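Have a look at the structure below before the remarks.
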Amino acid sequence: MSKRLLPLVPADLVVDQVLPTPDHITVMCRSRITAPACPGCGHPSSRRHSSYPRRLADLPWQGRRVQIEVQVRRLRCGRSGCAHRIFAERMPTVAGTHAQRTARLGNLQHHIGLALGGKAGARLAERIGTPVSGATLLRLVRRGAPATPSTARARG
């Protein structure tokens, strides 16, 4: 894999394969974490139960849509008293628990929604390669995606 592509993928992921087509790019990845912590008790586990693919929309690259397909592991918790006998590894820096887009794409779409609103924001998002409906942009604004520390400033 070319070192030039590495900054384009979230830091917590390891790229296994890149599948380009004329209109989109699929990046096959897996988590960099070797022993994820159980969400119930916090105990790290490497006892694999199964796995499943998770597809996340990501920032566009050279006008092409990008989809990150992460092979998510399901693991067994090693603690006997833990309520989570089997859990899926989480990637909080990449995407939320049930999210269909990466956090960085959600942040971009949140800012587009703040600046332009629904329909106009949806037209701009389509132009830059991150198609989203106007209703979704407004939902992201209402939800209040976290602003980066460098952009949140108080003037006095």
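Residue numbers (the working numbering): 68 to 223. Using N, Cα and C, we set each Cβ at its ideal position, and we do this for glycine too. None of the values given here were measured: they were computed from a predicted structure.
Under a 10 Å Cβ-count criterion, L204 is classified as buried, with 16 or more other Cβ atoms of the shown protein chains found around its own Cβ.
Across the structure, L75 and R143 are spaced so that their CA atoms are roughly 32 Å apart.
Rounded to whole angstroms, the gap between the alpha carbons of E156 and A102 is 9 Å.
Minimum Cα-Cα distance from P120 among the listed residues L126, M95, A202 corresponds to M95.
Its chain contains A104, C144, G145, R146, C149 as the residues whose beta carbon lies nearer than 8 Å to that of H110, once the 5 sequence neighbours on both sides are disregarded; these appear in chain order. Taking 8 Å as the upper bound for CB-CB distance, G180 and G130 are not in contact here, some 21 Å apart. Put simply, the backbone Cα of N174 is about 21 Å away from that of S98. For A124, there is no enclosing alpha helix (DSSP H); the enclosing beta strand (DSSP E) has its first and last residue at 114-128. In the three-state reduction of the DSSP assignment, V76 falls in the coil class, being assigned neither a helical nor a strand state. If you look at I179, you'll find it in the alpha helix (DSSP H) that goes 170-183. With contacts defined by Cβ atoms closer than 8 Å, F154 and R141 form a contacting pair.
V133: member of the beta strand (DSSP E) spanning 131-143, first to last residue.
For the pair P127 and V133, the Cα-to-Cα distance works out to about 5 Å.
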